[in-house]
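Asker: The following block contains the structure, expressed as structure tokens.
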Ligand SMILES: Cc1cc2nc3c(=O)[nH]c(=O)nc-3n(C[C@H](O)[C@H](O)[C@H](O)COP(=O)(O)OP(=O)(O)OC[C@H]3O[C@@H](n4cnc5c(N)ncnc54)[C@H](O)[C@@H]3O)c2cc1C
Ligand SMILES: *[C@@H]1O[C@H](CO)[C@@H](O)[C@H](O)[C@H]1NC(C)=O
Ligand SMILES: *[C@@H]1O[C@H](CO)[C@@H](O)[C@H](O)[C@H]1NC(C)=O
Ligand SMILES: *[C@@H]1O[C@H](CO)[C@@H](O)[C@H](O)[C@H]1NC(C)=O
């Protein structure tokens, strides 16, 4: 209190040094917090003195732990490699896990002493089922490259005996060729993939571990010393992969490059292969399966983008997500305007939808209002004034975004699709945003997306994550092409973070995208680590999200007589309402699982109310009369025509009579 009083008396000139001083005082504190090398976001386990021993004692998996010190320069430099490694072997976690422990944290001084850590970083590995007195084995190799450490992990796993073998870890030793050959023509309930390779090669074992988190496929390795085996299968060069299908047929696996990532990705995408789920997820699936109205599965091609997804997304966005806001004003209104601008100008949609978006934009731009009741916007989106050729379907029709259960995929998937399409369109048609105030800005689409996600996207946690990513690196985007790549990269980061999460659809496992089957040229390998060829990725994205690759299949017909104009509720069409309220889930395509988990905060009540309230149909008349109510104009026009004609006849008749009278006077 006293301090603020004094500041008030000070001249402005004194204020700045004082503020600076304050900043300097605050900064070091923030610096220390920022110096933590690893965060909860990283795909590894952060251990402390409280958790280390308990974690290791009789653990069902092996562990590789880096004891580091946050002040050691080496450790800081090495942390990106360690994180990359942890991400690379995330699917191995039922066999071996990656951890870190910060010995510079005073809480951990004692435990680091107890474990005899003298230098940083120290790498220790711990076998599965180790006892509490085990302080691990130190890795002393000079080479700490990712690939070396990954291979070390494989070796270490193989050093387990039959007794302490991690329960979740599949066998890693070579299979006998006779066992494999006996699979020929055999019908089973799973695929068997065989990697044929050199004894020293790690590809086979790495693919085995990559697929251990998946059901429906078993991977084995066979050494290329088994000549007769290779001849029998017709294999001449290694590494090669051979696939036995559940129906008894078999053939050489058809991948573009003989690399670990290509083999693993191929197998993960086989029909029927899916990620194993934790017990809670299984419970969930069993619980909801009974009551599901089984939607007809729509066949689709994953190399295409579906207009039906994006239109359904826009429908949900305008009529449900935004409808939970009673009025838009200030920052929110500006975000909404920019969003409509970007979509109206860039969305390569059908004419009826684009016309709706453009009309909405025109209306927003011509209105000098500071706040707009959302009902007015809804009236327009629902085409209350019956402008012809303007229509946005009221059906949720997911195609490329179909989920295997109604609560999976859907809306968030369509939102990604929409924004990828918009960034690509912006880069293909750089003039499209001319005269909107958004031209010249390579970040126009991304900033709009960011603000939309922050203000309106129902999944609050998603918004926070996205905001954090944007804050970190959005500024570095300098061109429209870089914007396309930025969104791709961030989406892949989200995919990798969510792999194996509850919200993942087991039939659509989260992978790094585009997968090798979609774009083989996008993938390369450097020193055993998968890398992207970003030029190829950019070219692929620009093709994939171009209007030529958008399929109109499954879009609902837009004949005007289908317009539910008389809809009293101005919200969802009646056949959707039961779905929307079913089981208390917020809406089809929302994600109730996550809602429970992370507090997805679409104010459901509000959105329902917004739909149920009978709307004063005059709102749009008052607000948007001048630019909008075309039908009224036509009516007025017709009316004035008739009026003029009437006047004309009236005067003619009168003038005739008058003439007659006048003439009479003179006759
Ligand atoms: C901004 C944003 C943030 C999110 N954050 C979270 C979160 O923090 N937690 C959470 O649980 N859920 C989050 N979600 C939802 C989540 O990302 C998925 O959208 C949802 O789980 C549905 O997944 P999906 O399998 O349909 O694929 P999606 O990830 O939705 O992808 C949709 C389609 O885009 C294509 N695609 C995939 N990857 C890429 C790429 N890298 N570049 C270009 N195209 C690609 C594929 O064709 C894919 O089918 C977020 C969604 C959005 C829009
Ligand atoms: C270790 O865990 C296994 C199961 O994971 C259990 O059967 C065994 O008894 C445990 N051993 C000890 C010493 O706790
Ligand atoms: C595996 O065991 C052998 C023999 O005990 C040992 O020499 C080797 O260092 C171990 N390798 C690893 C990675 O633990
Ligand atoms: C076995 O399955 C494959 C694809 O899964 C299919 O192409 C093939 O025709 C099937 N063969 C038989 C005999 O069913």
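Numbering (mature numbering (1 follows the signal peptide of the UniProt record, and there is no 0)), first residue to last: -34 to -1, 1 to 633. Every residue gets a Cβ at the ideal spot worked out from N, C-alpha and C, and that includes glycine.
How many Å lie between residue 386 and residue 275 at the Cα?
Answerer: Roughly 13 Å separates the two Cα atoms.
Asker: With a Cβ-Cβ cutoff of 8 Å, do residue 164 and residue 190 count as a contact?
Answerer: Contact: yes.
Asker: For residue 454, count neighbouring Cβ atoms within 10 angstroms of its own Cβ and tell me buried if that reaches 16, exposed if not.
Answerer: Flag for residue 454 reads buried.
Asker: Does residue 206 come out as helix, strand or coil in the three-state DSSP assignment?
Answerer: The answer is strand: DSSP assigns residue 206 an E or B state.
Asker: Measuring only the C-alpha atoms, how far is residue 329 from residue 224?
Answerer: For residue 329 and residue 224, the distance between alpha carbons rounds to 57 Å.
Asker: Sorted by chain position, which residues of the same chain lie with C-beta nearer than 6 Å to residue 58's C-beta, five sequence neighbours on each side aside?
Answerer: Around residue 58: 175.
Asker: For residue 17 and residue 25, what's the separation of their Cα atoms in angstroms?
Answerer: If I take the Cα positions, the gap works out to 12 Å.
Asker: Distance, Cα to Cα, residue 321 vs residue 136?
Answerer: Their Cα atoms are separated by approximately 57 Å.
Asker: Please report how far the alpha carbon of residue 183 lies from the alpha carbon of residue 424, in whole angstroms.
Answerer: Those two C-alpha atoms are separated by around 37 Å.
Asker: Is it the case that the CB of residue 92 approaches a heavy atom of ligand 3 more closely than 7 Å?
Answerer: Answer for residue 92: no, Cβ out of range of ligand 3.
Asker: Please say whether residue 91 and residue 30 have beta carbons closer to each other than 8 Å?
Answerer: In this structure, residue 91 lies closer than 8 Å to residue 30 by Cβ.
Asker: Using only the alpha-carbon positions, how far apart do residue 245 and residue 362 sit?
Answerer: Note that residue 245 scores 48 on pLDDT, short of 50, meaning its location in the model is unreliable; the coordinates nonetheless yield the value given after this. Each residue's Cα considered, the two are about 31 Å apart.
Asker: What three-state label does DSSP hand residue 441 in the structure shown?
Answerer: Three-state result, residue 441: helix.
Asker: Hey, how far is the Cα of residue 80 from the Cα of residue 68?
Answerer: Distance between the alpha carbons of residue 80 and residue 68 is about 14 Å.
Asker: Quick check on DSSP: helix, strand or coil for residue 104?
Answerer: Looking at residue 104 - three-state DSSP - the assignment turns out to be strand.
Asker: Any chance the CB of residue 215 is under 7 Å from a heavy atom of ligand 4?
Answerer: Flag set: Cβ of residue 215 near ligand 4.
Asker: Who are the near neighbours of residue 347 in its chain, counting only those whose CB is closer than 8 Å to its CB and skipping five residues on each side?
Answerer: Contacts found: 284, 285, 322, 326, 358.
Asker: Please determine, among 427, 444, 204, the residue with the shortest C-alpha to C-alpha distance to residue 707.
Answerer: With the chain running from -34 to 633 in the structure shown, residue 707 is simply not present.
Asker: Should residue 300 go down as buried or exposed, given a rule of 16 or more other Cβ atoms within 10 Å for buried?
Answerer: Its Cβ having fewer than 16 others within 10 Å, residue 300 is exposed.
Asker: Answer yes or no: does any C-beta atom of chain D fall closer than 8 Å to that of residue 275?
Answerer: The chain inventory of the structure shown lacks chain D, comprising one protein chain alone.
Asker: Output needed for residue 613: all residues of its chain with C-beta closer than 7 Å, excluding positions within five of it in sequence on either side, in chain order.
Answerer: Nothing meets the Cβ criterion.
Asker: Grouping DSSP H, G and I as helix and E and B as strand, with all else coil, what is residue 145?
Answerer: Helix at residue 145.
Asker: Going by the CB atoms, is the gap between residue 288 and residue 388 shorter than 8 Å?
Answerer: No, the pair does not count as a contact, with Cβ atoms beyond the cut-off.
Asker: Can you have a look at residue 349 and say buried or exposed, based on whether 16 or more other CB atoms are within 10 angstroms of its CB?
Answerer: It is buried - the Cβ of residue 349 has at least 16 other Cβ atoms within 10 Å.
Asker: From the DSSP output, read off the bridge partner residues of residue 90.
Answerer: DSSP, once it has assigned bridges, lists 31, 104 as partnering residue 90.
Asker: Regarding residue 471 and ligand 6, is the C-beta to nearest heavy atom distance less than 7 Å?
Answerer: Looking at this structure, you won't find ligand 6 anywhere; what it does contain is ligand 1, ligand 2, ligand 3 and ligand 4.
Asker: Within the same chain, show all residues whose beta-carbon is closer than 6 Å to that of residue 414, passing over the 5 residues directly before and after it, in chain order.
Answerer: Excluding positions up to five away in sequence, the list reads 304, 305, 308.
Asker: Our contact map puts residue 515 next to residue 271 with C-beta atoms below 8 Å; I'd like the distance itself, whole angstroms only.
Answerer: 6 Å between Cβ atoms; contact.
Asker: Give me the Cα-Cα distance between residue 232 and residue 483, rounded to the nearest whole angstrom.
Answerer: Approximately 7 Å, taken between the alpha carbons.
Asker: With residue 170 as the anchor, note down where its alpha helix (DSSP H) starts and where it stops.
Answerer: Element bounds for residue 170: 169 to 176.
Asker: Return the bridge partner residues of residue 158 from the DSSP annotation.
Answerer: 184, 210, per the DSSP bridge assignment.
Asker: In this structure, how does DSSP classify residue 613 when only helix, strand and coil are distinguished?
Answerer: The answer is helix: DSSP assigns residue 613 an H, G or I state.
Asker: Given residue 89, which residues of its chain have a CB within under 6 Å of its CB, disregarding the five upstream and five downstream residues?
Answerer: Cβ neighbours of residue 89 beyond the five flanking positions: 32, 105.
Asker: Hey, how far is the Cα of residue 108 from the Cα of residue 370?
Answerer: So the two alpha carbons sit approximately 48 Å from each other.
Asker: Could you spell out where the alpha helix (DSSP H) holding residue 71 opens and where it closes?
Answerer: Premise fails: residue 71 is in no alpha helix (DSSP H) and is neither H nor E.
Asker: Would you tell me roughly how many angstroms separate the C-alpha atoms of residue 291 and residue 324, rounded to the nearest one?
Answerer: Their backbone Cα atoms lie some 22 Å apart in a straight line.
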